[in-house]
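One structure is given below, encoded as structure tokens.
Residue numbers (my numbering): -2 to 326.
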């Protein structure tokens, strides 16, 4: 991380931003942008359960690699830690849930298969997302801690800048922007906790039903499902138009993914310009493991999206050419 602790107190802080090719390098960050863009495109095409599993594995693996890389890198600075946090948020937003999946058959065998795959998606998300949220919360906790240090500010010479909702704010001193950033990450953690509790309680509620009814119940967000149940408790005659609800929820989710992608793209690019981050030294040649891994996962995600959009068949397809009957070579 960007700091070191001695006996629970801040000892050193990497304040001034320097080159970090595994985070802010042109190739690596545009690889992450392209990965997120492909994930968003995939969500528009009603992906299968296997498509969602592979997409989520890519997004989760990228997030884990970023968090692990920043956590164990003693030379990373504050600005790049914030950039990594932005990428982690982007990858979390780009993970897909069963509500995006193509509707499977209601037959018992197909319903059981879909339930198992959707369960795997939920388990992977449950295992990885808390770690990502913990990193984001811990990052802003430590930033606010050194900003409010009772001793002399370790970054009195400056710690770079970050962008929040159109404003550029210094990281060396406390501000409303850092408090707001911390509050947003805390709300994300609380929201995930509620989602987790709602999903576990829903599964317990419908545990004795058959595979087809369970599949039908779990096609929607758990919190929306509980709103429906509470509404039905008030009146048994309540009828919800689930097709219309599903369409609107999908549209809202697509809009949220696109807006998050645009915002994080702008935030990172402006942060790079505002902090005048230098290029890596000339002797820093060759690809790192992180860069190779990101490129490999990009090809995997590109293959999934191409298959869903039938891009290769469209490229390979050529119009037939007919010659006149009297034509000869």
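Cβ coordinates follow ideal geometry from the N, Cα and C atoms, glycine included.
### Query
Secondary structure at residue 162, three-state DSSP: helix, strand or coil?
coil
### Query
Relative to the C-alpha of residue 297, which residue among 18, 158, 59 and 21 is closest?
59
### Query
When the Cα atoms are used, what is the spatial distance from residue 291 to residue 40?
20 Å
#### Entry: Bridge partner(s) assigned by DSSP for residue 9
1
### Query
Which same chain residues, not among the five before or five after residue 273, have their C-beta less than 7 Å away from its C-beta?
none
### Task
Would you tell me roughly how many angstroms separate the C-alpha atoms of residue 141 and residue 222, rounded to the nearest one?
38 Å
### Message
According to DSSP, is residue 16 part of a helix, a strand, or is it coil?
### Response
coil
### Query
Any idea if residue 219 is buried or exposed, counting beta-carbon neighbours within 10 angstroms, 16 or more meaning buried?
buried
### Task
Kindly give me the distance between the Cβ atoms of residue 153 and residue 171, rounded to whole angstroms, as I take these residues to be in contact under 8 Å.
Residue 153 to residue 171, Cβ: 13 Å. No contact.
### Query
When the Cα atoms are used, what is the spatial distance from residue 209 to residue 203?
Residue confidence is low: residue 209 scores 49 on pLDDT, short of 50, so the model does not pin down where it sits. Its coordinate-derived value is still stated next. Cα to Cα, the separation comes out at about 11 Å.
### Query
Out of curiosity, what's the CA-to-CA distance linking residue 226 and residue 201?
14 Å
#### Entry: Straight-line gap, residue 127 to residue 303 (C-alpha atoms, nearest Å)
31 Å
### Query
Three or more beta-carbon pairs under 8 Å between the segment 159 to 166 and the segment 251 to 269, yes or no?
yes
### Task
May I ask which residues mark the beginning and end of the alpha helix (DSSP H) holding residue 53?
46 to 69
### Query
For residue 127, which of helix, strand or coil comes out of DSSP?
helix
### Anticipated Cβ contact below 8 Å, residue 0 with residue 139, distance rounded
6 Å
### Task
Specify whether the segment 15 to 34 and the segment 77 to 94 touch according to this definition: at least 3 beta carbon pairs, one from each stretch, less than 8 Å apart.
yes
### Task
Report the partner residues of residue 167 according to the DSSP bridge assignment.
158
### Message
Would the segment 115 to 126 count as touching the segment 63 to 71 if we require 3 or more Cβ pairs under 8 Å?
### Response
no
### Query
Between which two residues does the alpha helix (DSSP H) carrying residue 224 extend?
219 to 231
### CB contact flag (residue 294, residue 32, <8 Å)
yes
### Query
In whole angstroms, what separates the C-alpha of residue 52 from that of residue 300?
11 Å
### Query
Under 8 Å between the Cβ atoms of residue 155 and residue 56?
no
#### Entry: Sequence-distant residues of its chain with Cβ nearer than 6 Å to residue 102 (five each side left out)
Low confidence applies here, because residue 102 scores a pLDDT of 44, under 50, leaving its location unreliable; read the following figure in that light. Same-chain partners within the cutoff: there are none.
### Message
Mapping the DSSP letters down to three states, classify residue 177 as helix, strand or coil.
### Response
helix
### Where the alpha helix (DSSP H) containing residue 244 begins and where it ends
239 to 272
### Task
With distances taken Cα to Cα, identify the nearest neighbour of residue 91 among 131, 28, 264 and 37.
37
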